[in-house]
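Read in order, the letters of the sequence shown are residues 1 to 315 in the UniProt record's numbering. Just so it is clear, CB atoms sit at the ideal spot from N, CA and C, and this is done for glycine as well. Predicted, not measured: the structure shown is a model, and the values here were computed from it.
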Amino acid sequence: MIDAAGLRVMKAIADEGSFTSAANALGFTQPAISQMVRRLEQRTGTVLVERYGRQVRLTEAGQVLARHAVGVLAALDAAEEEITAIAGLRAGRVRLQAFPSSSATLVPRTLAILKARHPDITVTFTEAEPPESLAALRRGDCDVAVAFAYEGGDLGELEEDLSLLVTRRLMDDEVRLVVPGTHPHAGDEAATLADFSGEEWIAGCPRCRGHLLSLADTAGFRPNVAFETEDYVAQLGLVTAGLGVALVPDLILNAAKHDEVATLPLSPASRRQILAVTTPDLLRVPAVAAALDALCEAAGSDPKVSPAQLVGAKA
1 MIDAAGLRVM
11 KAIADEGSFT
21 SAANALGFTQ
31 PAISQMVRRL
41 EQRTGTVLVE
51 RYGRQVRLTE
61 AGQVLARHAV
71 GVLAALDAAE
81 EEITAIAGLR
91 AGRVRLQAFP
101 SSSATLVPRT
111 LAILKARHPD
121 ITVTFTEAEP
131 PESLAALRRG
141 DCDVAVAFAY
151 EGGDLGELEE
161 DLSLLVTRRL
171 MDDEVRLVVP
181 GTHPHAGDEA
191 ATLADFSGEE
201 WIAGCPRCRG
211 HLLSLADTAG
221 FRPNVAFETE
231 DYVAQLGLVT
241 AGLGVALVPD
251 LILNAAKHDE
261 VATLPLSPAS
271 RRQILAVTTP
281 DLLRVPAVAA
291 ALDALCEAAG
301 SDPKVSPAQL
311 VGAKA
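This is the structure:
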């Protein structure tokens with residue numbers, strides 16, 4: 001019923017004392033001011049300006065509008081300034097969620113790039129596996145989710161249709177077999193999973209465990225999972241102690257110390273695809289776009305690749 005333009009007119013009339021002076025102050029013509037007042041009076045259903053001679057004075061209702069206009073217009077001006085700052089990357093917020101094994105390498109590099117390039121952007125980071133982070137993205141609880149998908153697996157295994165999300169492929173992360181340094185196969189150039197069918201296994205997160213079971217099934221055996229932990233440092237500790245073998249991605253092996261274990265590439269190779277996921281609307285937010293570019297740069301991928309629509313999100 002009451003718009004910002006009408007409030008500006010009422011405040012100008014209160015400040016200037018006439019339609020002509022108000023028109024000059026706002027850069028309008030006097031007839032335009034008269035028309036805006038008439039329209040505002042129609043919308044409010046009451047008289048706002050009392051005319052006497054060449055002068056005008058506000059009625060009680062007009063004074064109410066002029067009084068409230070001060071606070072409302074100040075708030076609108078402040079909002080405009082903040083939006084301008086966000087659009088110009090002089091402000092803004094990005095809520096990032098990423099899976100734990102990216103926290104030691106990919107995420108720190110990304111945050112460092114953002115801090116150096118856009119120091120006024122506020123970034124918050126929490127850890128979450130892909131099902132939870134993608135669900136948070138859909139709820140509006142995060143702006144960018146860093147997710148992963150194993151070869152042949154659905155991204156995040158969500159029930160929801162992922163076709164409305166957009167993604168940038170960051171990198172391919174090779175998964176290797178980690179064995180104790182004293183293991184008889186520690187010096188092999190590559191590992192055939194069937195050769196380790198009699199070993200005790202250390203499994204990670206539910207999706208990583210599912211990947212292990214899938215690979216083992218293809219190799220013709222069911223692994224004896226003796227230990228489960230989502231902490232890859234703990235996994236490497238268990239392997240070092242000779243308590244089993246594990247599948248560990250390069251993202252962890254490149255960051256964690258593992259002098260007393262041997263890492264063997266799998267034959268055939270196994271990889272997982274690392275993806276940055278957001279929504280089409282968030283992609284147009286400058287701070288979110290800057291975060292995606294930083295993720296791509298940190299991962300060594302091309303930040304200018306157009307996001308592809310996910311349809312079933314096969315990795």
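Own chain residues within Cβ distance below 6 Å of arginine 95, not counting five before or after:
For this step, residue 95 is matched to residue 95 along the sequence shown. Here the set comprises Thr124, Cys142 and Asp143.
The beta strand (DSSP E) enclosing aspartate 250, as first and last residue numbers
Within the sequence shown, numbered from 1, the residue matching residue 250 stands at position 250. Not the beta strand (DSSP E): aspartate 250 falls in the alpha helix (DSSP H), residues 250 to 253.
Measure the Cβ-Cβ separation of proline 286 and glutamate 174 and say whether it is below 8 Å.
The residue you call residue 286 lines up with position 286 of the sequence shown. The residue you call residue 174 lines up with position 174 of the sequence shown. Judged by beta-carbon spacing, glutamate 174 lies beyond the 8 Å limit of proline 286, meaning their Cβ atoms are not closer than that value.
What do you reckon, are the CB atoms on leucine 251 and serine 102 nearer than 8 Å?
Taking the first residue of the sequence shown as 1, we reach residue 251 at position 251. Taking the first residue of the sequence shown as 1, we reach residue 102 at position 102. Cβ atoms of leucine 251 and serine 102: closer than 8 Å.
Whose C-beta lies closer than 6 Å to the C-beta of glycine 242 among residues of the same chain, with five residues either side of it excluded?
Translated into positions along the sequence shown, residue 242 becomes position 242. Leaving aside the five residues that flank glycine 242 on each side, the residues in its chain whose CB is nearer than 6 Å to its CB run, in chain order, Pro180.
With phenylalanine 19 as the anchor, note down where its alpha helix (DSSP H) starts and where it stops.
As a working mapping, residue 19 is identified with position 19 in the sequence shown. From DSSP, the alpha helix (DSSP H) with phenylalanine 19 extends over 19 to 26.
Rounded to whole angstroms, what's the CA-CA distance from histidine 211 to leucine 292? Just pull it up for me.
Counted from its first residue, the sequence shown places residue 211 at position 211. Counted from its first residue, the sequence shown places residue 292 at position 292. Leucine 292 has its alpha-carbon roughly 27 Å from the corresponding atom of histidine 211.
Please report the distance separating the alpha-carbon of alanine 4 from that of tyrosine 232.
For this step, residue 4 is matched to residue 4 along the sequence shown. For this step, residue 232 is matched to residue 232 along the sequence shown. Answer to the nearest angstrom: the Cα atoms are 57 Å apart.
Could you tell me whether the Cβ atoms of threonine 229 and valine 261 are closer together than 8 Å?
Along the sequence shown, read from residue 1 onward, the residue named residue 229 stands at position 229. Along the sequence shown, read from residue 1 onward, the residue named residue 261 stands at position 261. Not a contact, by the Cβ cut-off of 8 Å.
For tyrosine 52, does the count of other Cβ atoms within 10 angstroms reach 16, so buried, or fall short, so exposed?
As a working note, residue 52 is residue 52 in the sequence shown. In the assembly as shown, tyrosine 52 is an exposed residue. Its beta-carbon has fewer than 16 other beta-carbons within 10 Å.
Where in the stretch 213 to 258 do unbroken runs of the beta strand (DSSP E), each at least 3 residues long, occur, reported from the N-terminal end onward?
Counting only runs of 3 or more, we get 224 to 228 and 245 to 249.
Any idea what DSSP makes of alanine 32, helix, strand or coil?
Start at 1 with the first residue of the sequence shown, and residue 32 comes out as number 32. In the structure shown, alanine 32 sits in a helix (DSSP, three-state: H, G or I).
Give the secondary structure of aspartate 15 by DSSP, where H, G and I count as helix, E and B as strand, and everything else as coil.
As a position in the sequence shown, residue 15 is number 15, starting the count at 1. If DSSP states are grouped into helix, strand and coil, aspartate 15 belongs with the helices.
Out of curiosity, what's the CA-to-CA distance linking alanine 91 and glutamate 81?
As a working note, residue 91 is residue 91 in the sequence shown. As a working note, residue 81 is residue 81 in the sequence shown. When rounded, the distance between both Cα atoms is 10 Å.
DSSP has methionine 171 in a bridge; who is on the other side?
Looking up residue 171 in the sequence shown gives position 171. Beta-bridge pairing links methionine 171 to Ile274.
Compute the Euclidean distance between the alpha carbons of glycine 312 and threonine 46, then round it to the nearest angstrom.
In the sequence shown, residue 312 corresponds to position 312, counting from 1. In the sequence shown, residue 46 corresponds to position 46, counting from 1. Per-residue confidence for glycine 312 stands at a pLDDT of 32, beneath the threshold of 50, marking its modelled position as unreliable; the derived number appears in the next sentence. One C-alpha to the other measures close to 58 Å.
Looking at the secondary structure, which residues open and close the beta strand (DSSP E) in which leucine 96 lies?
Translated into positions along the sequence shown, residue 96 becomes position 96. In the DSSP annotation of this structure, the continuous segment of the beta strand (DSSP E) that includes leucine 96 starts and ends at 93 to 98.
Buried or exposed for arginine 272, please, with buried defined as at least 16 other CB atoms from any protein chain shown within 10 angstroms of its CB.
For this step, residue 272 is matched to residue 272 along the sequence shown. Arginine 272 should be labelled buried.
Looking at leucine 89 and isoleucine 113, is the spacing between their C-beta atoms short of 8 Å?
Residue 113 sits at position 113 when you count from the first residue of the sequence shown. Residue 89 sits at position 89 when you count from the first residue of the sequence shown. The answer is no: Cβ separation not under 8 Å.
Are the beta-carbon atoms of serine 18 and glutamine 55 separated by less than 8 Å?
Start at 1 with the first residue of the sequence shown, and residue 18 comes out as number 18. Start at 1 with the first residue of the sequence shown, and residue 55 comes out as number 55. The answer is yes: Cβ separation under 8 Å.
So, under 8 Å CB-CB, valine 146 and leucine 106 are touching, yes? Tell me the CB distance rounded to an integer number of Å.
Taking the sequence shown and counting its residues from 1, the one referred to as residue 146 is at position 146. Taking the sequence shown and counting its residues from 1, the one referred to as residue 106 is at position 106. About 7 Å separates the two Cβ atoms, so the contact holds.
Residues of its chain near alanine 190, where Cβ-Cβ distance is below 8 Å and the 5 sequence neighbours each way are ignored:
In the sequence shown, counting from the first residue as 1, residue 190 sits at position 190. Result list for alanine 190: Leu264, Pro265, Leu266 and Ser267, in chain order.
Under the rule that 16 or more other beta-carbon atoms within 10 Å means buried, what is alanine 78, buried or exposed?
Numbered from 1 along the sequence shown, position 78 holds the residue referred to as residue 78. Burial call: exposed.
Once you ignore the five residues that flank aspartate 188 on each side, which residues in its own chain have a CB closer than 7 Å to its CB?
The residue you call residue 188 lines up with position 188 of the sequence shown. Taking C-beta separations shorter than 7 Å and ignoring five residues to either side along the sequence, the partners of aspartate 188 in its chain run Leu264, following chain order.
Nearest by alpha-carbon distance to glutamate 16: which of Leu58, Ala87, Leu213 and Ser270 is it?
Here residue 16 refers to the residue found at position 16 of the sequence shown. Distance from the Cα of glutamate 16 is smallest, within the candidate group Leu58, Ala87, Leu213 and Ser270, for Leu58.
Between the alpha carbons of proline 108 and leucine 48, how many angstroms are there, rounded?
Taking the first residue of the sequence shown as 1, we reach residue 108 at position 108. Taking the first residue of the sequence shown as 1, we reach residue 48 at position 48. Straight-line spacing of the CA atoms in proline 108 and leucine 48 works out to 59 Å.
Following the continuous alpha helix (DSSP H) through isoleucine 113, name the residue where it begins and the one where it ends.
Your numbering for residue 113 matches position 113 in the sequence shown. Note, isoleucine 113: alpha helix (DSSP H), 106 to 117.
Do you know how far the Cα of arginine 139 is from the Cα of alanine 75?
For this step, residue 75 is matched to residue 75 along the sequence shown. For this step, residue 139 is matched to residue 139 along the sequence shown. Approximately 28 Å between the Cα atoms of the pair.
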